[in-house]
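All letters in the sequence shown, in the order written, are residues 24 to 313 by our numbering.
We put the beta carbon where it would ideally sit given N, CA and C, even for glycine.
One structure is given below, encoded as structure tokens.
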Amino acid sequence: MSIVKTNFPEFILKVSCPAASGIVAGVTSFLSERGAYISDLSHFDDNENNGLFMRARFHIQSGSKTLQDLQEDFPALARKHDMQWKMVVSDEPTKTLIMVSQYDHCLDNILYRLRKNDFNMKITAVVSNHLNLRPMAEREGIRFVHLPITKENKPQQEQALLDIIDETQSELIVLARYMQILSDDLCEKLSGKAINIHHSFLPGFKGAKPYHQAHTRGVKLIGATAHYVTADLDEGPIIGQEVQEVDHTYSSDMLVSVGRDTETRALAKAVKLHTEHRVFIDGNKTIIFK
24 MSIVKTNFPE FILKVSCPAA SGIVAGVTSF LSERGAYISD LSHFDDNENN
74 GLFMRARFHI QSGSKTLQDL QEDFPALARK HDMQWKMVVS DEPTKTLIMV
124 SQYDHCLDNI LYRLRKNDFN MKITAVVSNH LNLRPMAERE GIRFVHLPIT
174 KENKPQQEQA LLDIIDETQS ELIVLARYMQ ILSDDLCEKL SGKAINIHHS
224 FLPGFKGAKP YHQAHTRGVK LIGATAHYVT ADLDEGPIIG QEVQEVDHTY
274 SSDMLVSVGR DTETRALAKA VKLHTEHRVF IDGNKTIIFK
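And the structure:
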């Protein structure tokens with residue numbers, strides 16, 4: 024029997040809770056009783072930590088249940104199983120604030136993919152500690168906010184950033200090569216909602232000109248890692264990674280070029296997964312339903 028497609032809005036439900044029998048059945052029964060057709064359902068048991076993770080995409084085939092109705096009904100089931108949960112309209116754009124410094128490739132790639140409808144998000148503002156990328160943002164009609172950082176004004180500027188996030192109701196913060204270390208306090212306040220991109224090598228090179236350092240060490244593999252921001256610099260839960268083989272023929276400038284490509288791909292992958300509500304944070308790692 025074929026399923027007739029409708030114009031009813033689709034919803035996404037994310038659930039995480041201690042593993043126990045009856046949870047999947049409980050969620051599917053809850054949705055079925057409200058006339059839902061589940062078009063996609065994924066779940067995973069983390070046996071090491073006794074956790075269960077679930078993502079369901081569905082629409083209501085009959086009746087007039089709204090997101091608010093479902094959100095008001097679900098807490099009874101959630102309390103029964105000690106669930107952390109979130110329910111959203113699937114095509115509602117994620118309000119996203121972008122942070123940049125002087126490198127333009129990650130921001131440029133995000134803007135291009137947004138124009139091509141690759142991302143279901145709305146950019147609320149571009150915030151930078153430099154003025155270099157102001158024209159790129161304003162060409163797209165996006166608000167640009169300049170927050171220069173010094174040792175003396177860092178606490179005040181981080182508070183200004185939080186004020187902008189609150190004012191714009193931004194749900195996601197993307198550090199698109201933002202070259203400033205965030206304070207532990209700010210990392211805590213942005214926990215689970217800020218994504219950073221980091222050049223990652225074997226071995227890892229810290230400090231200035233990492234690709235030039237890699238060249239002098241004759242690396243054979245370079246890559247980039249997109250992860251959630253934590254106080255442990257570049258060690259947050261990983262969302263996406265990209266790698267590419269290189270060899271002795273690559274100059275340092277060639278490595279920089281390849282590095283830009285891996286960084287844009289890894290960051291784009293992470294942003295897409297997050298805005299499609301496919302990522303769960305499980306301690307120091309992530310659970311991702313693709």
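| Going by C-alpha distance, which of A254, R200, R166 and K174 is nearest D208? | What you label residue 208 is simply residue 185 of the sequence shown in a count that begins at 1. For the residues A254, R200, R166 and K174, the minimum Cα distance to D208 belongs to A254.
| Which two residues bound the contiguous alpha helix (DSSP H) that contains Q236? | As a first step, residue 236 is located in the sequence shown; it is residue number 213 there, counting from the start. Run containing Q236: P233 to T239, per the alpha helix (DSSP H) assignment.
| said: Looking at the strands, I want to know which residues DSSP matches up with V112. | reply: Position 89 of the sequence shown, counted from the start, is the residue given in the question as residue 112. V112 is bridged to F34.
| message | If contacts are defined as beta-carbon pairs under 8 Å, then P233 and I304 qualify, I think. What distance do you get, rounded to the angstrom? | response | Indexing the sequence shown from 1 puts residue 233 at position 210. Indexing the sequence shown from 1 puts residue 304 at position 281. Contact annotation, P233 with I304: C-beta distance approximately 27 Å; criterion of less than 8 Å not satisfied.
| request: Determine the DSSP secondary structure at A148, reduced to helix, strand or coil. | output: Position 125 of the sequence shown, counted from the start, is the residue given in the question as residue 148. A148 falls in the strand class under three-state DSSP.
| field | CA-to-CA distance, D63 to E299, given in whole angstroms | value | Residue numbering aside, residue 299 sits at position 276 when the sequence shown is read from its first letter. Residue numbering aside, residue 63 sits at position 40 when the sequence shown is read from its first letter. Roughly 13 Å between the two C-alpha positions.
| query | Just the Cα atoms here: how many angstroms apart are H222 and D276? | reply | Counted from its first residue, the sequence shown places residue 222 at position 199. Counted from its first residue, the sequence shown places residue 276 at position 253. When rounded, the distance between both Cα atoms is 15 Å.
| request: Write down the C-beta distance between L244 and V266 rounded to the nearest angstrom, noting that I regard them as a contact closer than 8 Å. | output: Position 221 of the sequence shown, counting from 1, holds the residue named residue 244. Position 243 of the sequence shown, counting from 1, holds the residue named residue 266. Confirmed, about 6 Å.
| Is it true that the CB of E181 sits closer than 7 Å to the CB of S206? | Position 183 of the sequence shown, counted from the start, is the residue given in the question as residue 206. Position 158 of the sequence shown, counted from the start, is the residue given in the question as residue 181. Their beta carbons are under 7 Å apart, which means S206 touches E181 by this criterion.
| message | In whole angstroms, give me the CA-to-CA distance for E268 and G241. | response | Residue mapping note: residue 268 aligns to position 245 of the sequence shown, counting from 1. Residue mapping note: residue 241 aligns to position 218 of the sequence shown, counting from 1. Roughly 12 Å separates the two Cα atoms.
| task | Whole angstroms is fine: what's the gap from V149's alpha carbon to Q192's? | result | Along the sequence shown, read from residue 1 onward, the residue named residue 149 stands at position 126. Along the sequence shown, read from residue 1 onward, the residue named residue 192 stands at position 169. Those two C-alpha atoms are separated by around 14 Å.
| query | If we ignore side chains and look at the alpha-carbon of each, how far apart do T239 and F228 end up? | reply | Position 216 of the sequence shown, counted from the first residue, corresponds to residue 239. Position 205 of the sequence shown, counted from the first residue, corresponds to residue 228. Roughly 11 Å between the two C-alpha positions.
| task | Report the partner residues of E265 according to the DSSP bridge assignment. | result | In the sequence shown, counting from the first residue as 1, residue 265 sits at position 242. In the DSSP output, where bridge partners are listed per residue, E265 has A247.
| Three-state secondary structure assigned by DSSP to K118 | In the sequence shown, counting from the first residue as 1, residue 118 sits at position 95. K118 falls in the strand class under three-state DSSP.
| Between K313, I61, H271 and N155, which lies nearest to V123 when the distance is taken from Cα to Cα? | What you label residue 123 is simply residue 100 of the sequence shown in a count that begins at 1. It is N155 whose Cα lies nearest to the Cα of V123.
| Supposed close pair H104, I46 - CB separation, criterion 8 Å | Position 81 of the sequence shown, counted from the start, is the residue given in the question as residue 104. Position 23 of the sequence shown, counted from the start, is the residue given in the question as residue 46. With a Cβ gap of about 5 Å, H104 and I46 count as contacting.
| message | Using 8 Å for Cβ pairs, my map puts F81 next to A59. What's the rounded Cβ distance? | response | As a first step, residue 81 must be located in the sequence shown, where it is residue number 58. As a first step, residue 59 must be located in the sequence shown, where it is residue number 36. The C-beta separation of F81 from A59 comes to about 4 Å, placing the pair in contact by the 8 Å criterion.
| Neighbourhood of V27 by C-beta, 7 Å cutoff - its chain only, sequence neighbours within 5 removed | Your numbering for residue 27 matches position 4 in the sequence shown. Low confidence applies here, because V27 scores a pLDDT of 45, under 50, leaving its location unreliable and the question unanswered by this model.
| request: Could you spell out where the alpha helix (DSSP H) holding S206 opens and where it closes? | output: In the sequence shown, the residue the question calls residue 206 occupies position 183. Neither: S206 is in no alpha helix (DSSP H) and is coded neither H nor E.
| task | Below 8 Å CB to CB, which residues in the same chain sit around I218 once its five sequence neighbours on both sides are set aside? | result | Numbered from 1 along the sequence shown, position 195 holds the residue referred to as residue 218. When the five nearest sequence neighbours on each side are left out, the beta carbons in the same chain lying within less than 8 Å of the beta carbon of I218 are those of L195, I196, V197, L198, A249, H250, Y251, V252, I262, L290, A293, V294 and H297, in order along the chain.
| request: Return helix, strand or coil for G215, following the three-state DSSP convention. | output: What you label residue 215 is simply residue 192 of the sequence shown in a count that begins at 1. Secondary structure at G215: coil, using DSSP grouped into helix, strand and coil.
| query | What does a CB cutoff of less than 8 Å around I311 pick up in its chain, not counting 5 residues either side in sequence? | reply | Taking the sequence shown and counting its residues from 1, one reaches residue 311 at position 288. Cβ within range, chain order: I262, L296, R301, V302 and F303.
| query | In three-state terms, what does DSSP make of P98? | reply | Position 75 of the sequence shown, counted from the first residue, corresponds to residue 98. Three-state DSSP puts P98 in a helix.
| query | With distances taken from CA atoms, which of S151, N152, K174 and I133 is nearest M144? | reply | Stepping through the sequence shown from its first residue, residue 144 is reached at position 121. Answer by Cα proximity: I133.
| said: With DSSP as the reference, identify every bridge partner of P41, one or two as the case may be. | reply: As a working mapping, residue 41 is identified with position 18 in the sequence shown. DSSP, once it has assigned bridges, lists G74 as partnering P41.
| request: Specify the secondary structure class of L64 as computed by DSSP and reduced to three states. | output: Position 41 of the sequence shown, counting from 1, holds the residue named residue 64. Correct three-state label for L64: strand.
| Residues near P4 by beta carbon distance below 8 Å, same chain, minus five either side | Here the chain has residues from 24 to 313 only, and residue 4 is not among them.
| said: Please classify A48 as buried or exposed, where buried requires at least 16 other C-beta atoms within 10 Å of its C-beta. | reply: Here residue 48 refers to the residue found at position 25 of the sequence shown. With fewer than 16 Cβ atoms within 10 Å of its Cβ, A48 is classed as exposed.
| Taking buried to mean at least 16 other C-beta atoms within 10 Å of its own C-beta, is T89 buried or exposed? | Position 66 of the sequence shown, counted from the first residue, corresponds to residue 89. The Cβ neighbour count for T89, taken over all protein chains shown within 10 Å, is under 16; the residue is labelled exposed.
| query | Between the Cα of W108 and the Cα atoms of V38, K177 and G164, which residue gives the shortest distance? | reply | Position 85 of the sequence shown, counted from the start, is the residue given in the question as residue 108. Closest option to W108, Cα to Cα, is V38.
| said: Give me, in chain order, the residues of the same chain whose beta-carbon lies closer than 6 Å to that of Q84; leave out the 5 immediate sequence neighbours on both sides. | reply: Position 61 of the sequence shown, counting from 1, holds the residue named residue 84. Excluding sequence neighbours, Q84 sits near G58 and Y60.
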